[in-house]
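Chemist: One structure, pasted below without further comment.
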Amino acid sequence: PGDVLVASYPKSGTTWVGKIVTKLLPSIKHENTYVELRFSADSQTASEDYEALPRPRMLKTHLKYEFFSKKVQEGNIKVIIALRNPKDTLVSFYHMYQFAAFGSYSGSFADFLQLFKSKKLVYGDIFEWMTSWWPVRDLPNVLVVKYEDLIADCEGGIRRLGDFLHVTISDERIKEIAEDCRFKAMKSEGVGSREVFFRKGVVGDWKNFFEEDQAEYIDELTRLHLQPIGLELSDESINSINFT
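Numbered by this note's numbering, the letters in the sequence shown go through residues -11 to 232 in order.
Rendered as C-alpha cells:
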C-alpha cells in the first residue's frame, strides 16, 4: 500500500479513523505522526524528512487543504477526510483546551466560543477547514468519513475504508476490528497515549453545553457555509449501543 493521510479538524475522529486504518493495514508506520508537528517549516527539510520515513506511512493533519493541494492532486496518496458536526466538535475541543498541552484553559464554554467567533482557536475556524477540503471529496484517492456515520454503523464504515484502501477483508474480521475500535476499548488501551484524546465519543453531547442562542449561531453558520456546498452532518443523538 501507498501512503495514507488522515485529515481532520481537531476532535473529529482522527484517532478513531487512524486506529481502524492500522487494523486494516498492519504494516503501516508512524500512526501518531502529525505533519505539522513532525516536519520542519522549511519545505526542503520537510520533504527530506518525509521521504526518510519507512513505508508504508500513515500521517495525520489538522491543516487545511491548501497545504496539501499538490500532493492530493498528484493522486499518489490516499486521503481520508474525517468530519464531525461542528457543535460536538467544539464541545470536545473545549475540553481538549483544558489540558496542559493546550495551556490548561480555564475559561468557560461561553469564553471558548468567543475565541471561536474571533477565529483565535488553534487550527482556525472549523467551517473554513471543512469548506477547504470538501471540494476534493470526489477525487478517486479521497474518502470522506463522517463521525456520526461511524457511530451509527461502525462495521459499514470499516468496510468502506477497506474498499478504499484495497484491502480484502472478511465479515468476521470487520466485526473484530469494530470491537477493537470501540470507543471504550480504545480509551482503556490508551490509544493516543494521553487521556486528552478521549472523553465521551457520542453524538448530541453539545446539548449539555450550548445555550439556545449559541446553538442558533452555529446553525446559522452551518446554513451559510455548509448547506450551499451540500455538506450535511447530523448533530442529533444516534443509538450508540456499540460505544457505551
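Glycine included, C-beta positions come from ideal geometry on N, C-alpha and C.
Just so it is clear, the structure is predicted and the values come from calculations on it, not from any experiment.
Spell out the partners DSSP gives R125 in its beta bridges.
Modeler: None, per the DSSP bridge assignment.
Chemist: Could you tell me the alpha carbon to alpha carbon distance between V184 and Y(-3), rounded to whole angstroms?
Modeler: Only weak support exists for where V184 lies, its pLDDT of 44 falling under 50; the value from the coordinates is given anyway. Spanning the two alpha carbons is a distance of roughly 15 Å.
Chemist: If I measure Cβ to Cβ from H213 and keep anything under 7 Å in the same chain, skipping five residues before and after, which residues do I get?
Modeler: The residues are F115, T119.
Chemist: Inspect the beta-carbon positions of I68 and V5 and report whether they are closer than 8 Å.
Modeler: It is a contact, given that the beta carbons lie within the stated cut-off.
Chemist: Excluding the five sequence neighbours on either side, which residues of its own chain have a C-beta within less than 7 Å of the C-beta of G112, listed in chain order?
Modeler: Same-chain partners within the cutoff: there are none.
Chemist: Does DSSP classify K108 as helix, strand or coil?
Modeler: Looking at K108 - three-state DSSP - the assignment turns out to be coil, as it is neither helix nor strand.
Chemist: What three-state label does DSSP hand K(-1) in the structure shown?
Modeler: In the structure shown, K(-1) sits in coil (DSSP, three-state: anything other than H, G, I, E or B).
Chemist: In the structure shown, what three-state DSSP assignment does T156 receive?
Modeler: Coil at T156, not helix or strand.
Chemist: Am I right that R45 and G1 are in contact with their C-beta atoms under 8 Å? What's the rounded C-beta distance?
Modeler: With 8 Å as the limit, R45 and G1 do not qualify as a contact, their Cβ atoms being about 20 Å apart.
Chemist: For T49, which of R148, A140, K(-1) has the nearest alpha-carbon?
Modeler: Out of R148, A140, K(-1), K(-1) has the C-alpha closest to the C-alpha of T49.
Chemist: Quick check on the burial criterion: 16 or more other C-beta atoms within 10 angstroms. Buried or exposed for G95?
Modeler: Under this definition G95 is an exposed residue.
Chemist: Have a look at F104 and I206 and give me their C-alpha separation to the nearest angstrom.
Modeler: Rounded to whole angstroms, F104 to I206 spans 11 Å at the Cα level.
Chemist: What is the C-beta distance between K59 and F152, in whole angstroms, given that I count them as a contact (C-beta under 8 Å)?
Modeler: K59 to F152, Cβ: 17 Å. No contact.
Chemist: Rounded to whole angstroms, how far is the Cβ of D76 from the Cβ of D223, which I believe are closer than 8 Å?
Modeler: Right, their Cβ atoms sit about 6 Å apart.
Chemist: Buried or exposed: which applies to L25, given that a residue is buried once 16 or more other Cβ atoms fall within 10 Å of its Cβ?
Modeler: Classification of L25: exposed, given that the 10 Å Cβ count is below 16.
Chemist: By alpha-carbon positions, which one of G63, I8, E160, A70 ends up nearest to G150?
Modeler: The shortest C-alpha separation from G150 is found at I8.
Chemist: Which complete beta strand (DSSP E) runs does the region 46 to 115 hold, if anything under 3 residues is left out?
Modeler: Runs found: 65 to 71.
Chemist: Among P14, S57, G192, P216, which one has its Cα closest to the Cα of L127?
Modeler: The option with the nearest alpha carbon to L127 is S57.
Chemist: In three-state DSSP terms, what is D(-9)?
Modeler: Three-state DSSP puts D(-9) in a strand.
Chemist: For Y22, which beta-bridge partners are listed by DSSP?
Modeler: DSSP, once it has assigned bridges, lists K48 as partnering Y22.
Chemist: On the three-state DSSP scale, how would you describe L240?
Modeler: Examination of residue 240 is not possible in this model, given that the chain is present from -11 through 232 alone.
Chemist: Do L12 and V124 have their C-beta atoms within less than 8 Å of each other?
Modeler: Result no, Cβ atoms of L12 and V124 do not sit closer than 8 Å.
Chemist: Taking the Cβ atom as the reference point for each residue, do S80 and Q86 lie within a distance shorter than 8 Å?
Modeler: It is not a contact, given that the beta carbons lie outside the stated cut-off.
Chemist: Three-state secondary structure (DSSP) at L138?
Modeler: Of the three classes helix, strand and coil, the one that applies to L138 here is helix, per DSSP.
Chemist: Going along the chain, which residues of its own chain have a beta-carbon closer than 7 Å to the beta-carbon of G145, five neighbours each way excluded?
Modeler: Same-chain partners within the cutoff: V133, D137, L138.
Chemist: Any idea if K52 is buried or exposed, counting beta-carbon neighbours within 10 angstroms, 16 or more meaning buried?
Modeler: K52 is buried by the Cβ-count criterion.
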